[in-house]
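Keeping their order, the protein sequence lines are chains A and B.
Numbered according to this note's numbering, the first sequence spans residues 1 to 296.
Numbered according to this note's numbering, the second sequence spans residues 1001 to 1125.
Glycine included, every Cβ here is placed at the ideal spot set by N, Cα and C.
The structure displayed is predicted, hence computed values, not measured ones.
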Amino acid sequence: MSDLPFDANAATDPRDPQAVRDHDNHFADLEDSQNLTEDLAKLSSERGVDRAYAKDLFRRFVETRNPALREELVGIHLPLVEYLARRFRNRGEPLEDLIQVGTIGLLKAIDRFDLEREVEFSTYATPTIVGELKRHFRDKGWAVRVPRRLQELNLSLNKVVAELSQEIGRSPTISEIAAKVRLSEEEVLEGLDTSNAYAVISLDAPAGGEDAPTVSEHIGSEDEGLEALEYRAALGPLIAELPERERRILYLRFFRGMTQSQIAARLGISQMHVSRLLNRTLGLLRAGLLAEDESG
Amino acid sequence: MGTSTLHLEIPASGVYLSVVRAAATGLAAQLQFTYEEIDDLRIAVDEACTQLLARRGSAETLCIDYHLEPAELRVDVSVEAPDRGDPLAKDTFAWQILTALTDEVSERADDSGLHLSFRKHGGRT
């Protein structure tokens, strides 16, 4: 039985309706380790992970620390990461990102696994991977589940803001949005508040319909200003890790002074999409700044 | 319409920034800011608060003052952390963010602590 106040698991996820069907209510709480263990057992047999082979790989890896063996171990256990990452997918982050985060946890577990322990690796690795995923959300303040009502509101607001912007040729005010969706301004504000704490659409989805190019196709190969950005930022390592698209948006917004709408027009995506990318990127950059005191 | 001021005090932790953003959003909506202006404002508020939180030392409280003026919101963020140098150097990315998103940014350090302030014009009247 779920003790959640909201039926958050039935969330509407525009990317993949399958996610909704796939989502088991009892996974609302990942601490429910009993269920997790049972499902993991199913998983191993489904995926046909050869435990004896994996064990042998581990033995050789522990002895030699050979990176090639480590890589093979990662490959073997990637389905576990995918499986666990999928449990977090209706929180608004692209699955690929979650798999990347989970893989960091997997690597940690591989490096620390002790063959002397009488546990299966998957049992040992699961808390580490889940911990990494949870931390990912916590760092961004996304640990809070968003009620379905707000998710739906947010989706309709996305649409209305885009329509109104087109109609009136500028970004709409809150009262204009409220009038259009026939809600109070307060309700609209509540919905918008959800918007950036919780990226509802996939950032890699085509922005303007079926035939629209994806964001990455819009991005030129280089922009000399980006180098300046990295230099001036003194955030070099963090910024260097960002996808080129995000770096380009940072540069256009903060160093070229382009508005979100102008950037949106340039990249052929919606202004709200730019907003989401910008907020997400800045969130990542800030996470490092406050990391030391939030972890305690 | 004259100036109205709202004063907000939060525990010095990133956990409460959502409250600071929500307040800014509500006030900007009253001033008829557009969605995009509000979004810029929210990012600026986040950035200013995060920068001062990062320099807060042992301070336990972060203060945010919102000054509503016709077609303008002025935000002052401060933290009691004297003797901790400049609130924010002008050659940082954070400063660049604040100046790009708002119409005027200022910083000062005095006996009461570190202050970061900015003005944001907006709204349709």
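- Against chain B, the beta carbon of A:VAL181 has no neighbour under 8 angstroms; the closest one sits roughly 13 angstroms away.
- Beta-bridge analysis with DSSP links B:LYS1120 to B:LEU1073.
- A:LEU73: member of the alpha helix (DSSP H) spanning 67–86, first to last residue.
- Beta-bridge partners assigned by DSSP to B:ARG1108: B:HIS1115.
- Beta-bridge pairing by DSSP links B:GLU1009 to B:CYS1063.
- Under the 10 Å beta carbon count, A:LEU80 is surrounded by 16 or more other beta carbons and is classified as buried.
- When secondary structure is reduced to three states using DSSP, A:LEU98 falls in the helix class.
- Under a criterion of Cβ atoms nearer than 8 angstroms, the residues of chain A adjacent to B:ARG1124 are, in order, THR173.
- For B:LEU1031 against B:LEU1073, the beta-carbon gap comes to about 6 angstroms, under 8 angstroms, which counts as contact.
- A contact is defined here as three or more CB-CB pairs under 8 angstroms, and the stretch 1012–1019 of chain B fails this definition with respect to the stretch 1098–1118 of chain B.
- The Cβ atoms of B:THR1050 and A:ARG286 lie closer than 8 angstroms to each other.
- Using a C-beta cut-off of 8 angstroms, the stretch 1026–1045 of chain B makes contact with the stretch 171–189 of chain A, since at least three inter-stretch Cβ pairs fall below that distance.
- At least one C-beta of chain B is nearer than 8 angstroms to the C-beta of A:ASP193.
- The alpha-carbon of B:HIS1121 is positioned some 57 angstroms away from that of A:ALA68.
- Residues of chain B whose Cβ lies closer than 8 angstroms to the Cβ of A:GLU167 do not exist, since the nearest Cβ in that chain is about 13 angstroms away.
- When Cβ-Cβ separations below 8 angstroms define contact, B:GLY1026 makes contact with chain A.
- Within the same chain, and ignoring the five residues on either side of A:ALA109 in sequence, the residues whose Cβ sits closer than 8 angstroms to its Cβ are PHE121, TYR124, ALA125, THR128, ILE129.
- Note on geometry: alpha-carbon atoms of A:PHE61 and A:HIS77 lie some 15 angstroms from one another.
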